[in-house]
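Below you'll find the structure, written out as structure tokens, and then a few comments.
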Amino acid sequence: MSYKRRRLELNISVLYGILQLVFIDNGSTAQPSTALTSSAFESTALAINSPRVKKNQTLPQGFDLKSGAATGITFTNRLNTDLSEKSFNLLNGSGVTLGDYDGDGRCDVFLAAMSGKNKLFRNLGNWKFKETTREAGLDRIIPYSSGAVFEDIDGDGWLDLIISTFGSGVRTYLNSGNSRFKLLGNPALESPFGSATLALADGDGDGDIDLYVTNYGLHTIQTKLKLRIRTVRGKPRVVGRYRDYYKIINGKLVEYGEPDALFLNNGQGIFEPVSWSGGTFSDEEGKPLAHGYRDLGLSAMFRDMNHDGLPDLYVCNDFQTPDRLWINQGFGKFRLIKRSAIKVSSYSSMGVDVGDLNRDGMDDFMVVDMLSRTHRLKMTQRVEAAPSIQTTGEQIWDRPQVSRNTVYVSEDHGQYAEVAHYAGLSATEWSWAPVFMDVDLDGYEDILIGNGHAQDNLDKDTLQSRSQFPNDSPQQLAIAFPALKTPNLAFRNMGQMRFKETGSAWGFESNQVSNAIALGDLDNDGDQDVVINCLNAPALVYENISQRARVAVRLKGRPGNTRGIGARISLIEAAFTQSQEIIGGGRYLSGDQAQRTFALTRPSNEKKRIEVRWRSGLLSTIQGIEANHLYVIHEPESSVAKRQGEGPKDARATLFREVSSVNKQHHATVKPDSRQSQPTWPLDRSTLGEALAWIDMDTDGDEDLAVSGGSKASAWLTNKGKENFENKIERKGMKSRSGESGFASAPLNNSPGLLAIPQQSDPTAANALIHWMADGAEKEITKLPAGAYGPLAVSDVDNDGDLDLFVGGQSPWGNFPVSSDSLLLKNEHGDFEVDETNATSISRLHNIQGAIFCDWDLDGDSDLITSSEWGKIRWLINEKGTFNEQNKGIGSEKFRGIWQGLASGDFNEDGRPDLVVCNRGENTQWAQWRTDRFRLYYSKTIRKHETITFRSYFNRDQWLPISPLEDVSTWLTDANMRFASHADYASRSQEEILGDFLHEFEYLEIDTLETVILLNLPNGIEKVALNPVAQWAPCFGPTVADFNNDGHEDVFLSQNLDTGNHEWGRMDAGHGLLLLGDGEGSLNAIPSTASGIRLKNEQRGTATADFNQDGKMDLAVLERGEGAHLFVNQTEHTGVTVSLEGPSANPHCIGARLQKINLQTGNVYGPAKEIQSGSGYRSLNSLKQVFAHPGKPFQIQVTWPNGKISRHSIPSGITKVTLQQP
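Under my numbering, read the sequence shown as residues -5 to 1216, first letter to last.
Okay, structure coming up:
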């Protein structure tokens, strides 16, 4: 589409009284300006399309695809089959770069060619271009041109041209200033390597632009190579020409690439190489490298990732050679980012882009891979397995690779959370280049992605057919891979790291093989247009037709860096800040025009300013920004502008401080892998973790900590005061035990102690309820049926004065999701017996991960609430000792999830208990299927001693398989006869696949993955999804307390799941999350810099107690492999710890409810708190409660287990009090 143009009036603004006019119109021939002696800028009104829009009509947004015939940009990057067979790597494509090479004020286009001529197109204005390749002196054929970048490398103000090639290195062409280029002899850049992307920045801070070149490799295993293999010292080795490119490791042929290269600029455009072993590069520990990495480098980008003013470097490497993030240490020294900062990386990394996607002021980034969005390709394409350390020959340091895109959100302390699944960006087809740009001009950067390949060499059917013949034989070569034509994709940024695919709506859906993308303002309207270099198809030229208000910014840097490469530009509107960086090259094989566009999102009468933080360390500020203007900002002298400096350190204390005295090393969690007994279920259930419990075992008045063991002993950590704990008693347990699956507290024979259930790996082994005692002994209380059991919960369910016990049934190893039945054990004079009255309703509770007793309906009875993995949250309402499930009446029928622990708290302070329930979250493998309905089919009859599982998802009115054909073939004996190919399998529904076996399967279904709050309202339940950050990782253990003593209930969540499975990967974007409540039902996440809690591994059990008796709730968290972490609360607000004392059968008054009294009105207020035994994730909180102290006397109302109500005055100046049951 096209719109009639309306030229706006030219306006000019001047700063510091210095005026320099740059008119940008169709007749301009402006020359590069000389450096000014003081900071200045020019503003020029933009020529913007202004279509007639009816009232309330949405303004157009997106792109208009321009034809080559209309624009004059007629170019196709052709590559014939003969050449691609000579080197498969040539199919990686060629680049495009945009910039004003002739200084006429219009952005020109250069397109590189893998075979044939590169072409330069001069912008004539009004979307007309003329090829000027010959006139510019660029008509000589450069074989196998790959990357291209316009950049002023000699500092004279004119854009020069850099071209990388496959096989002859990098060539530089200096701009003579008369629209002609001259080849600059630069011997250091000559190379036989397969060079790809070019990235430029002032890496060493000397004021000129340096160059980084990624090298991929001329050949690949898929090319017909004659490898020479000899046996050396009893092991096969590749020798000869390709000995550095291929190694045989553990019998597998592993491919390597060529070392990348960093070149320093002498200021005249001459580049000198930097040695990898000269101290410029060091590893994560700061040790200088001895040699360069032979990675398969595809792209690289310089960006100031940590906002210290220095350009850092991200390098995308293909296959098993891992990505590298080099942090600039100053003076041109680079060090690999610390290992814990990035926990996972893409396996086949192609391209990267960086930007502040969530507008929190920190830069995020995305790396693209090859995972498909379509069901057919998911089933037919091979997903590469993550290589082992032995296979790579290099220690990856606990940073596994995954065959999908990765998206990293910048956090505090230089850490990144990987959230591609949550963002909806994990699968974007065979992707080459992600590009961040604000397409719709709403202030948030959207994402464009170019896709496709000349052949789908991941196609399983073709690979299987070709494998039947010798490599490179005529029969094998005759079997061609199918073409892979997938649409390009555009994702609109919806805020809070959510993206919606809008390629079709925005006119960005070409299915041409789109290798390289570059951005530039081709029509001088201030927004960014797009040019894509395609393989064997015409180049794509898109006009950005968005109409919202914008501001465009260009920079005039000092000689050496005349385009301001590395400068960060921020547009500040009130509290909303957008920031972008001027980059040199760095796009996959490509480079943008050095201009950035910002949306104006606030009313015109609000003050707006632009800040530029230059690579030199100087700061420019431009006030009074006008809409729809181009600002050309000059780099100031140091006497005019402020220098950047490190801001004052934030000296505020964190809410929690970790206590170092707790011995964490005893808790090694090496267990048998449950997948060995159930291969069709991809998750190792031994990772589900263990429990914690706070209880005063030695009756000295303070809380001790019980820690469930892993493969080693469980332990008591005895509280010795002054934040000291002694690992006094280690409990060896029973031979078949792998820790304890749940804790609860109940007195037996007037003896304090802890109830526990052993966690069994043998589903046939007998189980029992045991009683831990203070002297280290354990006593078997009641035998339980053989099976697996999880959480425990204790309360007086029949109101007879003693405490009864719920035992949650779980799935024995090798049989998920088949579950043991849950049990309710009545306390009959100290003996626990199965409650036959409720046996039917209780036994139906399966795969229980969380269980609590609380008075949900406020009738004085203890109701039971459970959360089920692959099931529902169930409410069993207690009616005089009989439990009746009332899910439908409560309104929870659709809450089916992969639920874990749960806890209650009065979050909206209406006196009713609400719930926080942990779920898998929305940043997991499930998210890539883009639905909220999943089924788990399972059969106990197909195979003896193993439960077979089959996963499916709902799509367009049918259920489709998630489980690939390879998995199904392990148990479906006639799979090869049923399905002619992987493509045939991909076309079948779940019912068709199971066929005659369908009747042997049962299924479970889920429809939500969110971790939620469920508000208990008079008319039913209101589901409230927790803060988005809470959805970035699986949650397991919720703990509720008023941690900051502001009078409102808060929540801590234990997080993360490491599946140990390539398909599912690591779900570990969490660090243990603290959310602060507002008393109205909302919880706000706070960063670890404020909470003081940052745990890198999987966390499970959590429990809270005022262990140092200062009136503040402290926290214990169990981290797999590390043990118990203890965090002391150091909030400045005071509180009162309230203990209750009751009769010997219920000495801590479990089931009592407490709430503050308003002394003026006599009414209760604030959150109601309940004394509970068993909560969260298989754990036990302290049986004491802490109330925020208002600083003056107040009262507490207690509803006791015996139904009596009493009120108690709490004086000022105390931190603990004990109340007696009347």
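Note that the Cβ used here is the ideal one computed from N, Cα and C, for glycine as well.
Bear in mind that the values here come from a model prediction, so they are computed numbers and not experimental data.
- Its chain contains 765, 766 and 767 as the residues whose beta carbon lies nearer than 6 Å to that of residue 747, once the 5 sequence neighbours on both sides are disregarded; these appear in chain order.
- For residue 135, the CB contacts under 6 Å within the same chain, skipping 5 residues up- and downstream, are 111 in chain order.
- DSSP lists no bridge partner for residue 1037.
- Contact between residue 1118 and residue 711 holds, with the beta-carbon distance rounding to 7 Å and staying under 8 Å.
- Using a Cβ distance threshold of 8 Å, residue 484 and residue 440 count as a contacting pair.
- Going by DSSP, residue 976 is part of the alpha helix (DSSP H) stretching over 976 to 980.
- Three or more Cβ pairs closer than 8 Å define a contact, and the stretch 916 to 923 falls short of that threshold against the stretch 989 to 996.
- Closest by C-alpha distance to residue 124, out of 100, 145, 146 and 108, is 100.
- Secondary structure note for residue 970: its alpha helix (DSSP H) is the uninterrupted segment 969 to 972.
- Inclusion of residue 1132 and residue 1178 in the CB contact set at 8 Å is warranted, their separation being smaller than that value.
- The beta-carbon distance between residue 961 and residue 674, rounded to whole angstroms, is 6 Å. This is short enough to meet the 8 Å contact definition.
- Looking at the DSSP output, residue 341 bridges to nothing.
- Proximity to residue 1188 across 1175, 433, 822 and 1154 peaks at 1154, based on C-alpha coordinates.
- The secondary-structure analysis by DSSP pairs residue 1044 across a beta bridge with 1035.
- Nearest C-alpha to residue 115 among 108, 107 and 92: 92.
- Rounded to the nearest whole angstrom, the C-alpha separation of residue 910 and residue 75 is 59 Å.
- Under the 10 Å beta carbon count, residue 1142 is surrounded by 16 or more other beta carbons and is classified as buried.
- Straight through space, the alpha carbons of residue 147 and residue 609 are spaced by roughly 16 Å.
- Under DSSP, residue 772 forms a beta bridge with 766.
- Nearest C-alpha to residue 736 among 718, 1049 and 799: 799.
- Shown here for residue 497: same chain residues with a beta carbon closer than 7 Å to its own, the five before and five after excluded, namely 481, 482, 483, 484 and 503 in chain order.
- The three-state secondary structure of residue 691, taken from DSSP, is coil.
- For the stretch 509 to 593, there is no continuous alpha helix (DSSP H) assignment of 4+ residues that stays within its boundaries.
- Contact check between the stretch 1107 to 1118 and the stretch 1088 to 1098: three or more CB pairs, one atom from each, fall below 8 Å, which counts as touching.
- In the three-state scheme derived from DSSP, where H, G and I count as helix and E and B as strand, residue 834 is classed as helix.
- Assignment of residue 334 by DSSP, reduced to helix, strand and coil, places it in the helix class.
- Per the coordinates, the alpha-carbon of residue 239 lies some 8 Å from the alpha-carbon of residue 252.
- Contact between residue 1195 and residue 1145 holds, since their C-beta atoms are separated by about 4 Å, short of 8 Å.
- If the five residues before and after residue 851 are omitted, its C-beta is found closer than 7 Å to the C-beta atoms of 857 and 871, all from its own chain and listed in chain order.
- In this structure, residue 296 sits away from residue 435, with a CB-CB distance that is not shorter than 8 Å.
- In this structure the stretch 561 to 581 does not lie against the stretch 397 to 408, because fewer than three pairs of beta carbons, one per stretch, are closer than 8 Å.
- CA-CA distance, residue 934 to residue 943, rounds to 9 Å.
- Per DSSP, residue 607 is one residue of the beta strand (DSSP E) stretching across 602 to 607.
- Taking a cut-off of 8 Å for Cβ pairs, the stretch 527 to 534 and the stretch 65 to 75 touch, as three or more such pairs fall below it.
- Spatial neighbours of residue 776 in its own chain (CB-CB distance under 8 Å, excluding positions within 5 residues in sequence) are listed in chain order as 762, 763, 819, 825, 826 and 827.
- Assigned with DSSP and collapsed to three states, residue 130 falls in coil, not helix or strand.
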